[in-house]
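Student: Got a structure here, written out as structure tokens. Questions coming.
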Amino acid sequence: MVKLIGAVLILFSASMVGWQIGRYYAFRPVQLRALLVALQMLETEIVYGLTPLHRAFVKIGHRVPAEVGRLFLTAAELLITERAQTAEEALQQAIGAHWPQTALRRQEREVLSSLGQVLGSSDREDQQKHLRLAVTHLRGLEEEARAEQGRYEKMYKSLGFLCGLLVVILMF
Amino acid sequence: MKEIMAILPASVRSILTALPSAVREHLEEIRLRQNQPMEIRYGQQSSYVTPSGQLTANARQGWIFSEEQSVKLLNQVSHHSLYALEEELKRGYITVVGGHRIGIAGKVVLEKGEVKGIRDVTSFNIRIAREKKGAAHSVLPFLFENGRVHNTLIISPPQCGKTTLLRDIARSLSYGSEWSSSRKVGIVDERSELAGCLNGVPQRDVGPRTDVLDACPKAVGMMMLIRSMSPDVLIVDEIGRTEDGEAVWEAIHAGVAVICTAHGADVSEVAQRPTLGRLIQYGAFSRYIVLSRANGVGTVEAVYDGGLTRVEREKIAWLS
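See the structure below:
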């Protein structure tokens, strides 16, 4: 009886591990999409609204899903309270604080950091060029993430269950 | 002053706080040039400032404004959003909270032969705005007759308090005074000097019944205001171009009183100029106020009526 309960527990936890890993592959494209939307909104705010950066960050931060929104809200707060001297610094600090909680990877981080280096420091046309470039980059990454999701999400989910099953079989 | 302090880099801020308070209270300009000592202007004098906040005439002892500082200052002034200052960079100055103005110079970027903006900003001239309420007090009685406001031309050499006087007239008309009831006032503020608008909101007190068209060319702006806001009095700074003259002429015949300014030492000098000369000749104005620095900034030298005879205050008092 105890053995049976143990077997069920092992099966359950192994499935959960597989499910967690699989979920990571599902989250990445969703958050990438949110980041893309955020940058497109930033483009509108900058190019058409001429909104100062900190105000644009707050606006965007509230309108995209929290995992990504937090980045912008923190950056805005750092700028407003003058704890960051430049927009680049603010964005870097926000990334440092919140990146581990996202499903995003190093490539995305690099795109955002390099955008941070020019954000707010040139005229509209130039800002638009840089934002478009970042968006194009992220689109490529998004496609890649979706392909990975298709390939690995199901696989890890079944792999977890199957590993659990293997252990259970070996146990009996 | 507080608003100015908020946008300055910490290092500049601490030097300014170390200044003797007598100097700090009369501060007119803070001039910062990249890799050059900081210069301040106060009460007609100018001086360099040492890192410890002492005044000095020796440029070598002055605190040097570095490139890093200039980037920081521009960042602070623009709220890290240079793109939002495109128009300002084209005009060469930025208005900040409190109506203070920051003049800038540096490398100009051209597009099709026109100034597109200033890229490497290396010189800043921070001009501290101080309101002189009551500057118009001495001339107000001359501006009214039988409940009408006179079309008035204020003539003055540069830096004699012309704009300050004009702003105070606008404010007094808008609030109303012992000489007249309050009026609807329209200001066309082409250079953002009169109302010192930030995001369209006047930073100077121009009165509760005042509408401001900020950064709008004068001639177009006057017509726009007449059509859209039906002002009783139009206030415009520095009339000079042909189209300005035409707009003044139109406004006067649309039943709107116009109060405007022109550079010059006296009426006869201004009358030499083509546009203004014609306006004066055709009797567009019924009052001329001539300013000078004879007894300090904003001295009212004389007030003339439309026929260019001097109007004495006693006579006005007697008339009313």
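Chains A and B, in that order, give the protein sequences.
If you're matching positions, the first sequence starts at 1 in the UniProt record's numbering and goes up one per residue.
If you're matching positions, the second sequence starts at 1 in the UniProt record's numbering and goes up one per residue.
Beta carbons: idealized from backbone N, C-alpha and C, even for Gly.
All figures in this text were calculated on a predicted structure; none of them were measured in a lab.
(1) Based on Cα-Cα distance, which residue from Val30(A), Ser113(A), Leu73(A), Val118(A) lies nearest to Thr102(A)?
(2) As a quick exercise: from Leu198(B), Val300(B), Leu73(B), Tyr288(B), pick the residue whose alpha carbon is nearest that of Leu143(B).
(3) Considering Ile128(B), what are the terminal residues of the beta strand (DSSP E) in which it resides?
(4) Is it buried or exposed, His137(B), if we count other Cβ atoms within 10 angstroms and call 16 or more buried?
(5) On the DSSP letters alone, give me the boundaries of the alpha helix (DSSP H) that Gly6(A) sits inside.
(6) Strictly below 7 Å CB to CB, what residues from chain A border His79(B)?
(7) When you compare each of Lys132(B), Arg273(B), His79(B), Ser156(B) to Ala294(B) by their alpha carbons, which one comes out closest?
(8) What number of angstroms, rounded off, separates the C-alpha of Ile118(B) from the C-alpha of Ala105(B)?
(9) Measuring only between beta-carbons, confirm whether Tyr83(B) sits less than 8 Å from chain A.
(10) Looking at chain A, is there any beta carbon in it that lies within less than 8 Å of the beta carbon of Asn75(B)?
(11) How about Glu86(B): is its C-beta nearer than 8 Å to some C-beta of chain A?
(12) According to a CB-to-CB cut-off of less than 7 Å, which residues of the segment 73 to 107 of chain A neighbour chain B?
(13) Buried or exposed for Glu111(B), please, with buried defined as at least 16 other CB atoms from any protein chain shown within 10 angstroms of its CB.
(14) May I have the straight-line CA-CA distance separating Ala302(B) from Gly161(B), to the nearest angstrom?
(15) What first and last residue would you give for the beta strand (DSSP E) that runs through Cys260(B)?
(16) In chain C, what lies closer than 7 Å to Ser15(A) by C-beta?
(17) Determine whether the Cβ of Gly117(B) lies closer than 8 Å to any Cβ atom of chain A.
(18) Can you give me the C-alpha to C-alpha distance between Ile5(A) and Leu11(A), rounded to a whole angstrom?
(19) Under 8 Å, do Val212(B) and Val206(B) count as touching if we go by C-beta distance?
(20) CA-CA distance, Glu39(B) and Glu67(B)?
(21) Looking at the structure shown, is Phe142(B) part of a helix, part of a strand, or coil, going by DSSP?
(22) For Arg183(B), which of Val258(B), Leu55(B), Gln272(B) has the nearest alpha-carbon?
(23) Here's a check: name, in chain order, each residue in its chain whose Cβ is nearer than 6 Å to the Cβ of Leu79(A), leaving out the five neighbours to either side.
(24) Less than 8 Å between C-beta atoms, sequence neighbours within five positions excluded: which residues of the same chain meet that for Pro9(B)?
(25) What is the rounded straight-line gap between the Cα of Val233(B) and the Cα of Gly255(B)?
(26) Return no unless some Cβ of chain A is closer than 8 Å to the Cβ of Lys2(B).
(27) Leaving out five residues on either side along the sequence, give the residues of the same chain with a beta carbon under 8 Å from the beta carbon of Ile4(B).
(28) Starting from Asp237(B), follow the alpha helix (DSSP H) in both directions and report where the run begins and ends.
(29) So, is the C-beta of Gln117(A) closer than 8 Å to a C-beta in chain B?
(30) On a CA-only basis, which of Ser180(B), Ile154(B), Val139(B) is nearest Arg146(B)? Give me that one, please.
(31) Suppose you measure from the CA of Ile239(B) to the CA of Leu71(A); what does that come to, to the nearest Å?
(32) Ignoring anything shorter than 4 residues or poking outside the segment 60 to 107 of chain A, list the alpha helix (DSSP H) runs there in chain order.
(33) Can you tell which of Arg167(B), Met223(B), Glu246(B), Cys216(B) has the C-alpha that lies nearest to the C-alpha of Thr261(B)?
(34) Does the beta carbon of Gln40(A) come closer than 8 Å to any beta carbon on chain B?
(35) At the level of alpha carbons, what is the spacing between Ser123(A) and Pro202(B)?
(36) How should Leu95(A) be labelled, buried or exposed, when 16 other C-beta atoms within 10 angstroms of its C-beta is the threshold for buried?
Tutor: According to the structure data:
(1) Translated into positions along the first sequence, residue 102(A) becomes position 102. It is Val30(A) whose Cα lies nearest to the Cα of Thr102(A).
(2) By 1-based counting over the second sequence, the position of residue 143(B) is 143. That would be Tyr288(B), whose Cα lies nearest to the Cα of Leu143(B).
(3) Indexing the second sequence from 1 puts residue 128(B) at position 128. Where Ile128(B) is concerned, there is no enclosing beta strand (DSSP E), given that its DSSP letter is neither H nor E.
(4) For the purposes of this step, residue 137(B) is identified with residue 137 of the second sequence, where counting begins at 1. It counts as exposed.
(5) In the first sequence, counting from the first residue as 1, residue 6(A) sits at position 6. Start and end: 2 to 47.
(6) For the purposes of this step, residue 79(B) is identified with residue 79 of the second sequence, where counting begins at 1. Neighbours of His79(B) on chain A, chain order: Pro52, Leu53, His54.
(7) Sequence index remark: in the second sequence, residue 294(B) carries index 294 (1-based). Ranking the options by Cα distance to Ala294(B), first place goes to Ser156(B).
(8) As a first step, residue 118(B) is located in the second sequence; it is residue number 118 there, counting from the start. As a first step, residue 105(B) is located in the second sequence; it is residue number 105 there, counting from the start. Their backbone Cα atoms lie some 7 Å apart in a straight line.
(9) The count along the second sequence starts at 1 and reaches residue 83(B) at position 83. Cβ-Cβ to chain A under 8 Å: yes for Tyr83(B).
(10) Stepping through the second sequence from its first residue, residue 75(B) is reached at position 75. Chain A, which has a Cβ nearer than 8 Å to the Cβ of Asn75(B), makes this yes.
(11) Walking along the second sequence from the start, residue 86(B) turns up at place 86. Yes, Glu86(B) counts as interfacial toward chain A.
(12) Leu79, Gln85, Thr86, Ala87
(13) By one-based count along the second sequence, residue 111(B) stands at place 111. It is exposed - the Cβ of Glu111(B) has fewer than 16 other Cβ atoms within 10 Å.
(14) Here residue 302(B) is taken as the residue at index 302 of the second sequence, counted from 1. Here residue 161(B) is taken as the residue at index 161 of the second sequence, counted from 1. Distance between the alpha carbons of Ala302(B) and Gly161(B) is about 15 Å.
(15) In the second sequence, residue 260(B) corresponds to position 260, counting from 1. Note, Cys260(B): beta strand (DSSP E), 257 to 263.
(16) Included in the structure are the protein chains A and B, with no chain C among them.
(17) Start at 1 with the first residue of the second sequence, and residue 117(B) comes out as number 117. Yes, its Cβ sits closer than 8 Å to a Cβ of chain A.
(18) One-based indexing of the first sequence puts residue 5(A) at position 5. One-based indexing of the first sequence puts residue 11(A) at position 11. Looking at the two C-alpha atoms, the distance is approximately 10 Å.
(19) Within the second sequence, residue 212(B) is the residue found at index 212, counting from 1. Within the second sequence, residue 206(B) is the residue found at index 206, counting from 1. Yes. Within cutoff.
(20) One-based indexing of the second sequence puts residue 39(B) at position 39. One-based indexing of the second sequence puts residue 67(B) at position 67. Approximately 16 Å, taken between the alpha carbons.
(21) Translated into the one-based positions of the second sequence, residue 142(B) becomes position 142. Note: Phe142(B) maps to helix in three-state DSSP.
(22) The residue you call residue 183(B) lines up with position 183 of the second sequence. Cα-wise, what sits closest to Arg183(B) is Val258(B).
(23) By 1-based counting over the first sequence, the position of residue 79(A) is 79. His54, Ala90, listed in sequence order.
(24) The residue labelled residue 9(B) in the question sits at position 9 within the second sequence. Hits under 8 Å: Gln69, Lys72, Leu73, Gln76.
(25) Working through the second sequence from its first residue, we reach residue 233(B) at position 233. Working through the second sequence from its first residue, we reach residue 255(B) at position 255. Rounded to the nearest angstrom, the two C-alpha atoms are 9 Å apart.
(26) Within the second sequence, the letter at position 2 stands for residue 2(B). False, the Cβ-Cβ gap to chain A never drops below 8 Å.
(27) Numbered from its first residue, the second sequence carries residue 4(B) at position 4. The answer, listed in chain order, is Ile30, Val96, Gly98, His100, Ile126, Ile128.
(28) Along the second sequence, read from residue 1 onward, the residue named residue 237(B) stands at position 237. Note, Asp237(B): premise wrong, no alpha helix (DSSP H); not H, not E.
(29) What you label residue 117(A) is simply residue 117 of the first sequence in a count that begins at 1. Not an interface residue.
(30) As a working mapping, residue 146(B) is identified with position 146 in the second sequence. According to the sequence shown, residue 146(B) is Asn rather than Arg. Closest by alpha carbon: Ser180(B).
(31) The sequence position of residue 239(B) within the second sequence is 239, counting from 1. The sequence position of residue 71(A) within the first sequence is 71, counting from 1. Looking at the two C-alpha atoms, the distance is approximately 51 Å.
(32) 66 to 80, 87 to 98
(33) Walking along the second sequence from the start, residue 261(B) turns up at place 261. For the residues Arg167(B), Met223(B), Glu246(B), Cys216(B), the minimum Cα distance to Thr261(B) belongs to Arg167(B).
(34) As a position in the first sequence, residue 40(A) is number 40, starting the count at 1. Chain B contact via Cβ: absent.
(35) The count along the first sequence starts at 1 and reaches residue 123(A) at position 123. The count along the second sequence starts at 1 and reaches residue 202(B) at position 202. Per the sequence shown, the amino acid found at residue 123(A) is Asp instead of Ser. Whole-angstrom Cα-Cα distance: 26 Å.
(36) Within the first sequence, residue 95(A) is the residue found at index 95, counting from 1. Sequence check: residue 95(A) is Ile here, not Leu. Buried: at least 16 other Cβ atoms inside 10 Å.
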